[in-house]
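Residue numbers (full-length UniProt numbering): 1 to 146. Glycine included, every Cβ here is placed at the ideal spot set by N, Cα and C.
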């Protein structure tokens, strides 16, 4: 009789690697959120928005509010802390089935990240664009921080 134990172990290891990848990606964006808050004197924050039910266009959830739905693609936006209705769309974040590679959209162009280092570089590129700078400037100005 064939022994499937090795295959089961490989499947379990693959699931653990997947979970670790998704946690690593989301932790990186949580760190970015904290840095944006600090940089903006607590006037602007980052949200990772997603729809739990793709058919329900009225209900969106911020991942940072309850840390659920790790595996769903996210939209990134900058939001004023004191007025969540005042926001700017920043980017889209699309995941592969294992987290990496993931794709971030920057000014309409898609950039793939094969690991944490390349994702960090792509986030730096996103943050340094004139359009991101303008969005941050507008939100900080409307919050009275500039």
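Neighbourhood of residue i by C-beta, 6 Å cutoff - its chain only, sequence neighbours within 5 removed
i, result
"residue 103", "94, 110, 112"
"residue 41", "145"
"residue 123", "none"
Beta-carbon separation (whole angstroms), residue i vs residue j, contact threshold 8 Å
i, j, result
"residue 90", "residue 22", "At roughly 20 Å, the Cβ-Cβ gap does not stay under 8 Å, so residue 90 and residue 22 are not in contact."
Beta-carbon proximity of residue i to residue j, cut-off 8 Å
i, j, result
"residue 77", "residue 36", "no"
"residue 46", "residue 28", "no"
"residue 114", "residue 100", "yes"
"residue 65", "residue 135", "no"
"residue 5", "residue 44", "no"
"residue 142", "residue 86", "yes"
"residue 126", "residue 132", "yes"
"residue 25", "residue 119", "yes"
Other residues of its chain near residue i: CB distance less than 8 Å, five sequence neighbours each side excluded
i, result
"residue 60", "49, 50, 51"
"residue 106", "91, 122, 125, 126, 129"
Chain-order list of residues whose beta-carbon lies under 7 Å from that of residue i (same chain, five-residue window excluded)
i, result
"residue 108", "none"
Quick one: complete beta strand (DSSP E) runs, 3+ long, within the stretch 45-95?
-> At a cut-off of 3 residues, the continuous stretches assigned as beta strand (DSSP E) that sit fully inside the stretch 45-95 are 74-80.
Complete runs of the beta strand (DSSP E) confined to the stretch 105-143 [at least 3 residues] = Counting whole runs of 3 or more residues, the stretch 105-143 contains the beta strand (DSSP E) stretches 109-113.
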